[in-house]
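Engineer: When you line the sequence shown up against my numbering, it's residues 105 to 323, in that order.
Just so you know, even glycine gets a beta-carbon here, dropped at the ideal spot from N, CA and C.
Okay, here's the structure, questions in a sec.
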Amino acid sequence: MQGSNGPGRRGAWGVVAVVLLIGVHLLRGGTDALRADGPPQPLAAAAPDTAGAVPAAVPDAAPGPLPASPPVRVRVPALRVDAPVARVGLDADGWIEAPPPRERALAGWFTGAVTPGERGTAVVVGHVDTPEGRGVFYDLGALAKGRQVEIARADGRTAVFTVYGIELVPKDGFPAARVYGSTGLPELRLITCGGPYAPDGGYAGNVVVSARLTAVRSR
Numbered sequence: 105m106q107g108s109n110g111p112g113r114r115g116a117w118g119v120v121a122v123v124l125l126i127g128v129h130l131l132r133g134g135t136d137a138l139r140a141d142g143p144p145q146p147l148a149a150a151a152p153d154t155a156g157a158v159p160a161a162v163p164d165a166a167p168g169p170l171p172a173s174p175p176v177r178v179r180v181p182a183l184r185v186d187a188p189v190a191r192v193g194l195d196a197d198g199w200i201e202a203p204p205p206r207e208r209a210l211a212g213w214f215t216g217a218v219t220p221g222e223r224g225t226a227v228v229v230g231h232v233d234t235p236e237g238r239g240v241f242y243d244l245g246a247l248a249k250g251r252q253v254e255i256a257r258a259d260g261r262t263a264v265f266t267v268y269g270i271e272l273v274p275k276d277g278f279p280a281a282r283v284y285g286s287t288g289l290p291e292l293r294l295i296t297c298g299g300p301y302a303p304d305g306g307y308a309g310n311v312v313v314s315a316r317l318t319a320v321r322s323r
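Structure below.
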């Protein structure tokens, strides 16, 4: 399943299969000083509706899917995040790569998924913390439903996504089919580490933000 299709061309179930094989052990490293208090964690009420209902936080009118174009920046205004986006794939051990450990202000777009704004589920990852301090997605767990995530694309468009779910999921037994499966619409997942931290095993879970394309504008 690795590398047979280029960026933006892997189907949703191809992404699911890869994640099921590699897990979501994606972000390691950090500082014990930061972990004494820990990053904010999502509230149970912020989790996405799993019953298939249209998310209340998402407007009824939404644009259609965009053509493929790689992301260049991710912005989360509510968290004051404005970061460049690099391409990440799989490392030598078969895990989703994270940005370099000392690049705490850099996010990574997983090239095994679609580009943000295409039909399907795009995936952007980032560190929660690094040896240098707080990572780009340190506050991700504090995000609220209805907030926006902006992805600036190489084609000059900005894809605007509205958040409809924030949840903490375990790395063991990660619900890949639910998180990565296509809804038939352009969606985005932001992912970082979360949950309890153990020095010998790292963070026990992942914070996952689910968002849907609701606007497109020229950069």
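If I'm right that R191 touches L289 with Cβ under 8 angstroms, what's the distance once you round it to whole angstroms?
Structural biologist: In the sequence shown, residue 191 corresponds to position 87, counting from 1. In the sequence shown, residue 289 corresponds to position 185, counting from 1. Contact flag wrong, Cβ pair sits at about 24 angstroms.
Engineer: Which one or two residues does DSSP pair with W213 in a beta bridge?
Structural biologist: Translated into the one-based positions of the sequence shown, residue 213 becomes position 109. Under DSSP, the beta-bridge partners assigned to W213 are R191, V228.
Engineer: How many whole angstroms separate the CB atoms of G245 and G239, which I take to be in contact at a CB cut-off of 8 angstroms?
Structural biologist: The residue given as residue 245 occupies position 141 in the sequence shown. The residue given as residue 239 occupies position 135 in the sequence shown. The pair is not a contact, with the Cβ atoms about 12 angstroms apart (cut-off 8 angstroms).
Engineer: Beta strand (DSSP E) containing A263: first to last residue?
Structural biologist: Counting from one through the sequence shown, the residue named residue 263 turns up at place 159. Note, A263: beta strand (DSSP E), 261-274.
Engineer: Quick check on the burial criterion: 16 or more other C-beta atoms within 10 angstroms. Buried or exposed for D276?
Structural biologist: Along the sequence shown, one-based indexing puts residue 276 at 172. Per the 10 Å Cβ criterion, exposed.
Engineer: How do the stretch 300-320 and the stretch 267-275 stand: do at least 3 beta-carbon pairs fall below 8 angstroms, yes or no?
Structural biologist: yes
Engineer: Would you identify the three-state DSSP class for R282, choosing helix, strand or coil?
Structural biologist: As a first step, residue 282 is located in the sequence shown; it is residue number 178 there, counting from the start. Three-state DSSP puts R282 in a helix.
Engineer: Out of G299, V267, V320, T262, point me to the one whose CA is closest to D153's CA.
Structural biologist: Counted from its first residue, the sequence shown places residue 153 at position 49. Here the closest residue by C-alpha is V267.
Engineer: Return the first residue and the last residue of the beta strand (DSSP E) that S314 is part of.
Structural biologist: Here residue 314 refers to the residue found at position 210 of the sequence shown. Counting along the chain, the beta strand (DSSP E) containing S314 begins and ends at 306-322.
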